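A.B. asks:
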Amino acid sequence: MKLDQEVVKYPVGWALVIFLVTIAAYLWVIDLFSLQRVVGVLLASELVAFAILAYIYSKKSFSKVSKTWLLAGSIVVAVLLFLALTLATQ
Amino acid sequence: MSMESKIAQWVETRLGLKAKVLRPVPEYSLNPFYWLGALTVIAFALQAFTGLLMLIYYVPTTEHAYSSTVYIIKAVPLGWLIETVHLYGAYAMIFLAFLHMFRGYFVSVQKKPREMMWVIGMLMGLIVLGFGLTGYLLPWTVVSKSATDVSIGMLSFLPAQIGPVLTFLLTGTGSNAAVLSRFFDLHIVVLPAGLLILLVFKMYMFEVHGAAEPSTGRKMSKEIPWFPNVFLYFAMIGSVFVAVVLLASALFPLSLSAEFSAQAASGYVPQPEWYFLWLYQVLKFASFEGEGMYYALGGVTIILAIFVLLPIIDRGATRNAASRPLYTTIGLILMAELVTLTVWGYFTPGQVIPDLQALVVMVEVALVIAMMSALTYRMRSKMRGLPVRELGLRIMALPFTRRKLTAMFVILLVVGSVSLSILVSLLATGSLYSVAASVNIVVLLSSFYFMARILRNLTLRQRGALL
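Encoded structure:
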């Protein structure tokens, strides 16, 4: 079944907002002295997620959003999260 | 009404962002190449933000400059991240300013009515380089102080009318304390103020004239309102840019070199940051040593002045690079020479470059670029009528459809590159008249000749396949 494009837009948008808030909350409690590299990578992931959000809302309808770009952005965010995790456990 | 719409309406009612704050932009300008200037401004904002944070702890005296920098890196929460972001932000700002300038040059943005925007942009570019020069000294490391001393030393080669005045403005009494103090003031007050004033002028003119139309002559497309569409686009590319700077900072942290002292500096070969390496390399040419520096600095000043005054010099109506072979080729040669000098300067710190070697490399780079440019323009004139995109795709496919020729070309390229590098090292040792040098000259010229033949075969003689 093909999903209504505009119905999909809101969950995607809210998922990104929740991600932004979660990472921001985590950054609030993290040790800003010993985990500076992690902070840098997480902030980068926040900005990429925000860029995806801005991209989605810059288009008039969700059908005009390139799914390739959306996927590429999501992969970048995932890679950054993995990188942050790796740096945090070093 | 959805939650987003309610939030958007609440914000709009309070802030009135949909009112014409900034002019709408044509749809074609929603392309990162049109936003290189805006990204440079974002880099400047990032520099201002991180700079202000560092200012809380930094002490601009010769006794405490280094120790306060070390304190920021080692004892302040997020200190080294902020310090590293400031460093990479500066690199990004300078790199983007160069890109913005060359992009503007190739699409001729300096033509009527944007002449003053170009001149102001060039002045802003010089201020950006000034930021690099003055900021580099502030950590007071042996690397930064030695390189700055070389730059200050160059001032004595300026004409008597401006040299002493500029020296006094930059160095005061000439003592270390005065130099650091002046550079600090310039870095945090004078240059930012100058840049902001010029930015206001440039933004005002941008609002009056708008973005330059595509140089290929495409007609105006529909206009996009500044809010929310352009604002969101700007937020998107700005976020990605800052994310890249942050990621680079997290992955490649700054490492501070030793503190400056006369003893430490005595054993150190001064080398500037990458954005001044091209100039540093030119000044290392044997002819430009000592008194010869007058000519080198004079030449660089003349090239800079030509660039600043380009709107007066290049007054033709054509903006399309495809119809401006001379200016496009000159721009490409300048870019190639800048990159060559920068890489060369990086690998030869402190070495004086023999004149013949310098001449061979500089002329060779210029010749290769000129030949490539001539070939491209000639090919284009033969294939007029084919859409540029289609032509580009077909040209890119050629190496795959003519694999044997491509393989031969690659082999010749490797052979030519090896003989060129051998030739350059022979020139460096002064063995130009040896048998090895003669053999390498023959190999180099032969490889050039056969590569040209293959290119000709791949392009002009394959017109049947292209058209």
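One line per chain: the protein sequences are A and B, in this order. Numbering-wise, the first sequence is residues -4 to 85 according to the working numbering. Numbering-wise, the second sequence is residues -14 to 452 according to the working numbering. Ideal Cβ placement from N, Cα and C applies to all residues, glycine included. Remember, predicted model here, so these are calculated numbers, not experimental data.
By the 10 Å Cβ neighbour count, where 16 or more other Cβ atoms means buried, how is T(-2)/B classified, buried or exposed?
C.D. replies: Here residue -2/B corresponds to residue number 13 of the second sequence, with the count starting at 1. The residue is exposed, with fewer than 16 neighbouring Cβ atoms inside 10 Å.
A.B. asks: Between which residues of its own chain and F435/B is the CB-CB distance below 6 Å, once the five residues before and five after are set aside?
C.D. replies: Position 450 of the second sequence holds residue 435/B. Same-chain partners within the cutoff: L397.
A.B. asks: Using only the alpha-carbon positions, how far apart do T386/B and M364/B sit?
C.D. replies: Here residue 386/B corresponds to residue number 401 of the second sequence, with the count starting at 1. Here residue 364/B corresponds to residue number 379 of the second sequence, with the count starting at 1. Going from the Cα of T386/B to the Cα of M364/B covers about 18 Å.
A.B. asks: Give the residues of chain B in contact with Q31/A, contact being defined as C-beta atoms less than 7 Å apart.
C.D. replies: Position 36 of the first sequence, counted from the first residue, corresponds to residue 31/A. Ordered by position in chain B, the residues that pass the 7 Å Cβ test against Q31/A are L63, W65, L66.
A.B. asks: Alpha carbon to alpha carbon, how far is S40/A from L344/B?
C.D. replies: Residue numbering aside, residue 40/A sits at position 45 when the first sequence is read from its first letter. Residue numbering aside, residue 344/B sits at position 359 when the second sequence is read from its first letter. Near 48 Å, if we compare the C-alpha coordinates of L344/B and S40/A.
A.B. asks: Going along the chain, which residues of the segment 32 to 50 of chain A sit with their C-beta nearer than 7 Å to a C-beta in chain B?
C.D. replies: Against chain B - using a Cβ distance shorter than 7 Å - the residues of the segment 32 to 50 of chain A are R32, V34, G35, V36, L38, A39, L42, V43, F45, A46, A49, Y50.
A.B. asks: Measure the Cβ-Cβ separation of A23/B and F216/B and say whether it is below 8 Å.
C.D. replies: Within the second sequence, numbered from 1, the residue matching residue 23/B stands at position 38. Within the second sequence, numbered from 1, the residue matching residue 216/B stands at position 231. Their beta carbons are not under 8 Å apart, which means A23/B does not touch F216/B by this criterion.
A.B. asks: In or out: P98/B buried (at least 16 other Cβ within 10 Å) or exposed?
C.D. replies: Taking the second sequence and counting its residues from 1, the one referred to as residue 98/B is at position 113. Per the 10 Å Cβ criterion, exposed.
A.B. asks: Could you give the residue range of the alpha helix (DSSP H) that holds V74/A?
C.D. replies: Against the first sequence, residue 74/A aligns to sequence position 79. First-last of the alpha helix (DSSP H) with V74/A: 62 to 84.
A.B. asks: Pairs of beta-carbons, one from the segment 235 to 252 of chain B and one from the segment 125 to 139 of chain B, closer than 8 Å: are there three or more?
C.D. replies: Yes: at least three Cβ pairs fall under 8 Å.
A.B. asks: What's the gap between the Cα of V71/A and the Cα of V43/A?
C.D. replies: By 1-based counting over the first sequence, the position of residue 71/A is 76. By 1-based counting over the first sequence, the position of residue 43/A is 48. One C-alpha to the other measures close to 8 Å.
A.B. asks: Taking the alpha-carbon of L236/B as reference, which of L30/A, W9/A, L15/A, V24/A has the nearest alpha-carbon?
C.D. replies: Along the second sequence, read from residue 1 onward, the residue named residue 236/B stands at position 251. Checking every option, the nearest Cα to that of L236/B belongs to L30/A.
A.B. asks: In this structure, how does DSSP classify E322/B when only helix, strand and coil are distinguished?
C.D. replies: Position 337 of the second sequence, counted from the first residue, corresponds to residue 322/B. Looking at E322/B - three-state DSSP - the assignment turns out to be helix.
A.B. asks: Could you spell out where the alpha helix (DSSP H) holding K269/B opens and where it closes?
C.D. replies: Taking the first residue of the second sequence as position 1, residue 269/B is located at position 284. First-last for K269/B: undefined, no H or E at that position.
A.B. asks: With 8 Å as the C-beta to C-beta threshold (strictly closer), list the residues of the segment 219 to 240 of chain B near chain A in chain order.
C.D. replies: If the cut-off is 8 Å between Cβ atoms, the segment 219 to 240 of chain B has A220, M221, I222, S224, V225, V227, A228, V229, L231, L232, S234, A235, L236, P238 near chain A.
A.B. asks: Would you kindly check if the distance between the Cβ of P334/B and the Cβ of V254/B is under 8 Å?
C.D. replies: Within the second sequence, numbered from 1, the residue matching residue 254/B stands at position 269. Within the second sequence, numbered from 1, the residue matching residue 334/B stands at position 349. Closer than 8 Å, so yes.
A.B. asks: Excluding the 5 residues preceding and the 5 following A73/A in the sequence, name in chain order all residues of the same chain whose CB lies nearer than 7 Å to its CB.
C.D. replies: Against the first sequence, residue 73/A aligns to sequence position 78. Same-chain partners within the cutoff: there are none.
A.B. asks: Would you call the segment 71 to 83 of chain B and the segment 286 to 299 of chain B touching, i.e. three or more CB-CB distances under 8 Å?
C.D. replies: These segments do not touch.
A.B. asks: Quick one: does D21/A have its CB under 8 Å from some CB of chain B?
C.D. replies: Against the first sequence, residue 21/A aligns to sequence position 26. What sits at residue 21/A in the sequence shown is Tyr, not Asp. No, Y21/A does not count as interfacial toward chain B.
A.B. asks: Which same chain residues, not among the five before or five after Y56/B, have their C-beta less than 7 Å away from its C-beta?
C.D. replies: The residue labelled residue 56/B in the question sits at position 71 within the second sequence. Excluding residues within five positions, the ones whose Cβ falls inside 7 Å are Y42.
A.B. asks: Going along the chain, which unbroken runs of the alpha helix (DSSP H) with 4 or more residues stay wholly within the segment 197 to 255 of chain B?
C.D. replies: Taking only runs of at least 4 residues, the alpha helix (DSSP H) segments lying wholly in the segment 197 to 255 of chain B are 216 to 236, 247 to 251.
A.B. asks: Along the chain, where does the alpha helix (DSSP H) containing E276/B start, and where does it finish?
C.D. replies: In the second sequence, residue 276/B corresponds to position 291, counting from 1. Looking at the DSSP string, E276/B is not in any alpha helix (DSSP H), and its letter there is neither H nor E.
A.B. asks: Give the straight-line distance between the Cα atoms of H71/B and L31/B, rounded to the nearest whole angstrom.
C.D. replies: Within the second sequence, residue 71/B is the residue found at index 86, counting from 1. Within the second sequence, residue 31/B is the residue found at index 46, counting from 1. In a straight line, the C-alpha of H71/B is about 8 Å away from that of L31/B.
A.B. asks: Where in the segment 10 to 76 of chain B do unbroken runs of the alpha helix (DSSP H), each at least 4 residues long, occur, reported from the N-terminal end onward?
C.D. replies: As far as the segment 10 to 76 of chain B is concerned, its whole alpha helix (DSSP H) runs of at least 4 residues are 21 to 40, 50 to 60.
A.B. asks: By alpha-carbon positions, which one of F142/B, L66/B, Y312/B ends up nearest to A238/B?
C.D. replies: The residue you call residue 238/B lines up with position 253 of the second sequence. Per the sequence shown, residue 238/B should be read as Pro rather than Ala. Of F142/B, L66/B, Y312/B, the residue nearest in Cα terms is L66/B.
A.B. asks: Exposed or buried, which one is F34/B when buried takes at least 16 other CB atoms within 10 Å?
C.D. replies: Looking up residue 34/B in the second sequence gives position 49. The residue in question, F34/B, is exposed, as its Cβ has fewer than 16 Cβ neighbours within 10 Å.
A.B. asks: Which term fits T201/B, buried or exposed, when burial requires 16 or more other beta carbons within 10 angstroms of its beta carbon?
C.D. replies: Here residue 201/B refers to the residue found at position 216 of the second sequence. Exposed, because fewer than 16 other Cβ atoms sit within 10 Å of the Cβ of T201/B.
A.B. asks: In this structure, does DSSP put I338/B in helix, strand or coil?
C.D. replies: In the second sequence, counting from the first residue as 1, residue 338/B sits at position 353. Strand.
A.B. asks: Against chain B, with Cβ distances strictly below 8 Å, would L65/A count as a contact?
C.D. replies: Against the first sequence, residue 65/A aligns to sequence position 70. No, because no Cβ of chain B sits closer than 8 Å to the Cβ of L65/A.
A.B. asks: Could you give the DSSP three-state label for T414/B: helix, strand or coil?
C.D. replies: Translated into positions along the second sequence, residue 414/B becomes position 429. Reduced to three states, the DSSP call for T414/B is coil.
A.B. asks: What's the call for H85/B, buried or exposed, on a 16-neighbour Cβ count within 10 Å?
C.D. replies: In the second sequence, counting from the first residue as 1, residue 85/B sits at position 100. So H85/B ends up on the buried side.
A.B. asks: Would you identify the three-state DSSP class for L452/B, choosing helix, strand or coil?
C.D. replies: Here residue 452/B corresponds to residue number 467 of the second sequence, with the count starting at 1. Reliability of the predicted coordinates at L452/B is poor, the pLDDT of 48 falling under 50, and no value is obtained from them.
A.B. asks: Using a Cβ-Cβ distance under 8 Å, would N16/B count as near chain A?
C.D. replies: On the second sequence, position 31 is the one that residue 16/B refers to. Not closer than 8 Å to any Cβ of chain A, the Cβ of N16/B fails to qualify, so no.
A.B. asks: E100/B to V94/B, Cα distance in whole Å?
C.D. replies: Start at 1 with the first residue of the second sequence, and residue 100/B comes out as number 115. Start at 1 with the first residue of the second sequence, and residue 94/B comes out as number 109. Distance between the alpha carbons of E100/B and V94/B: 8 Å.
A.B. asks: Could you tell me which chain B residues have their CB closer than 9 Å to the CB of F77/A, listed as they occur along the chain?
C.D. replies: The count along the first sequence starts at 1 and reaches residue 77/A at position 82. Neighbours of F77/A on chain B: none; closest Cβ ~13 Å, over 9 Å.
A.B. asks: To the nearest angstrom, report how far apart P384/B and R438/B are at their CA atoms.
C.D. replies: One-based indexing of the second sequence puts residue 384/B at position 399. One-based indexing of the second sequence puts residue 438/B at position 453. Those two C-alpha atoms are separated by around 15 Å.
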